[in-house]
Every structure is written in structure tokens, then in C-alpha cells.
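Novice: Residue numbers (our numbering): 1 to 315.
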Amino acid sequence: MAQPKYRIATIGSHSALQIFKGAHDEGFETIAVCKKGSERPYKMFNAADDVITVNSYADFPKIQGQLIKKNAIVIPHGSFVTYMGYEEVERQWLKNAGFKVPLLFDRPKNIDRLVIVKFMGAEGGRGYFLAKDEKDFNKKIRPYRLKKYVIQEYIIGVPLFIHYFYSSLTNEIEIMGCDIRYESNVDSLGRISARDQIVLPKIDPSYVIVGNIPVTVRESFLPRLIEMGEKVVEVSKRLAPPGLFGPFCLETILTPEEEIFVFEISARIVAGTNPFIEGSPYTWLKYNKPMSTGRRIAIEIKNAIKMNQLKRILH
Ligand code: ATP
């Protein structure tokens, strides 16, 4: 029987431009599902062959029939899953992989070091704050009393996001690239001298993401990063068979002692891959042609179609 003509669809946001470009490079037509008013980039950059407009993302189920009719394969990204973190299973996953993870404090009374207080479902780190003890915590939590939060040890170092791709078809792991984020206002506080910071009222750091900056890591870190990716996949197979597949990201902090703390894992394409639409140094070495994570996803789908194994790479 002839294969149906599959199309690649996703929500118009996050990493959709990259996903569509990769899909086009591999010969797929694309469908952007856009919230009213956010269609323009997908038309301007020739990214979407078809645009379906919805009033809100909550209407996504209403257009499922249309997508099925078009043989759409929907790629999930950060706008599908705005929040993934802190669940027990995630920590278990990271710990079973043998990673160092920041300590969690189950009550403010126990805070004995600098902590970061994060809100569940916070988009882009809005409202996060640092606290040094219970008193400081109680003062700063006031405006957010009704929100769910976690209290995590604050690790001083460089937050580094490592992008991986695991092919369940070939059982191979790839490093796709790395990024650091530029966050407002934490990354711009260094532009204000300590003297001025002290006199300014209420200048707490916040972590609202503005964009992503590509990073090439010190080459001697690579063996550890490769091993970490392998560990994540291996543990996922035990914890939740058949395990993780496709793109994922380890969100880490590298300390001056060269320790790597993992504070979160995203089991999907992350926006930090967006600077690499033309490929990263690592994908250039491996492929010798432009290879983004979006394109790598399209290749995986193409290979699965060819091998009649589509079920293995779709949920
Ligand atoms: P999501 O994946 O839900 O968008 P996120 O990737 O934005 O979450 P968060 O855990 O919300 O990640 O953290 C946001 C920012 O806060 C990070 O980019 C980092 O700068 C900082 N941060 C988070 N946890 C720690 C920590 N334990 N120590 C130091 N800095 C941290």
C-alpha cells in the first residue's frame, strides 16, 4: 500500500520556524497552528505551507480532526508543555542517572544556604526570587502566597543547556549543540555597580528569558556530556519503557570546581536550539551539511516512514 503523504505540524511559537525549515529541507509540507495575531512570522519566513488559526491554544483539540485529515505529524515543543519540572519522577530520573542535583528544601524553616524559589507553571521564570533564610523567604513570598513553589539550592556557576538527540531507530546519541540563556534582569545586573544596586530599592534578580546564545563548550567537557546523555536514555528505558526518544535537553550549572549540576530535563526540542538553524559546530562535524534539531527530527520521521517504524517514534 502506498504511504500517505505526511505533513509536519506544530504550534506557531517557540521553535516552530526551525521545525518547519527542517521539515521543508527534508521534503515535508508544513502546517502552523497559530493563536490569532501570531501568524506573521510563519508567513514572512516562508515557514508554513498552511496556517490554521485558533483563538486560544486550548482550542487545539477542536482542530485535531483537520490535522488528522491532513496526515499531520505534530511536533511538541515548549508551547505545548510550558512546565515539566520538579515532579518526583524527574528527580528520580536525574538521580538514578547519577547526576548531581541541587538540594530541595521541603519547608522554609530548613533553608540553610542561598536558595532559588521557583513557581510551578512560571513561564520564563517570572517571579522567581533568591532567599538566604526563612525570614528572607517569608518576606519575599508575600506577593505570591497562593502560588505553588519549590525551594531549591542556588548553585553558583554558569547555567549551560545541552541539546541531545537520541535515535531509537539506530540506538545512537548525538550532541546537537549547547546554549546559554540571556535572562532579564539577572544577566543585566552586572551593568549596575554594587554601590548603585544597594541604594536602588527592591532590585531582585528575575529570570525572564529574552533569548538564547550559542555556546561551544571546552572540548575536554565533551566526554562527560556524551556520557550524561547516554545515562539519561538508559535510565529512561528502565523507568518508563520504551524510554526517551528524539530531542531532549539537560539544563545544568557548571561550577568553578567543574562539577555539573543538573536542575532540569526537557524531553523535547528546546528553544536553545534556535540559534542553530544552520547547524552547530557539532552537527557540522557529524553531517557536513546544515543540520538543526528541527531537521534531525524530520530525518528521523523520514527514516521511520521508510522503515515502516513510524509507531516507534510517535506517541
Ligand atoms: P522551563 O523548562 O519550565 O521553562 P526553565 O528551563 O526556565 O524552566 P527554570 O528551572 O525555570 O528553568 O530556571 C530558570 C532560570 O533560573 C535558569 O535558566 C537559571 O538561570 C536559573 N536557575 C534555575 N535553577 C537554578 C539553581 N538551582 N541554581 C542557580 N540558578 C538556577
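For every residue, glycine included, the Cβ atom is placed at its ideal position computed from N, Cα and C.
For clarity, every value in this text was computed on a predicted model and none was experimentally measured.
(1) To test your reading of the DSSP string, which unbroken alpha helix (DSSP H) runs of 4 or more residues are found completely within the segment 162-236?
(2) Going by C-alpha distance, which of 60, 45, 249 is nearest residue 52?
(3) Would you tell me roughly how many angstroms separate the C-alpha atoms of residue 313 and residue 75, rounded to the nearest one?
(4) In the structure shown, what three-state DSSP assignment does residue 91 receive?
(5) Count the other CB atoms within 10 Å of the CB of residue 84; is the residue buried (16 or more) or exposed (fewer)?
(6) Does chain C have any CB closer than 8 Å to the CB of residue 115?
(7) Mind the definition here: the segment 164-172 touches the segment 239-256 only if three or more C-beta pairs lie below 8 Å; say whether that holds.
(8) Does the distance between the C-beta of residue 109 and the nearest non-hydrogen atom of the ligand ATP fall short of 7 Å?
(9) Shorter than 7 Å, the distance from the beta carbon of residue 152 to the closest heavy atom of the ligand ATP, or not?
(10) Helix, strand or coil, according to DSSP, for residue 57 in the structure here?
(11) Put residue 10 into one of helix, strand or coil per three-state DSSP.
(12) Buried or exposed: residue 291, going by 16 or more other Cβ atoms within 10 Å of its Cβ?
(13) Whose C-alpha, out of 209, 255, 297, 35, is nearest the C-alpha of residue 128?
(14) Are there 16 or more other CB atoms within 10 angstroms of the CB of residue 30, so buried, or fewer, so exposed?
(15) In this structure, how does DSSP classify residue 152 when only helix, strand and coil are distinguished?
(16) Just reading off the beta strand (DSSP E) that residue 29 is part of, what are its end residues?
Specialist: Short version:
(1) 194-199
(2) 60
(3) Cα-Cα distance, rounded: 11 Å.
(4) helix
(5) Residue confidence is low: residue 84 scores 40 on pLDDT, short of 50, so the model does not pin down where it sits. Its coordinate-derived value is still stated next. Under this definition residue 84 is an exposed residue.
(6) The structure shown has no chain C; it contains just one protein chain.
(7) yes
(8) no
(9) yes
(10) helix
(11) strand
(12) buried
(13) 209
(14) buried
(15) strand
(16) Counting along the chain, the beta strand (DSSP E) containing residue 29 begins and ends at 29-35.
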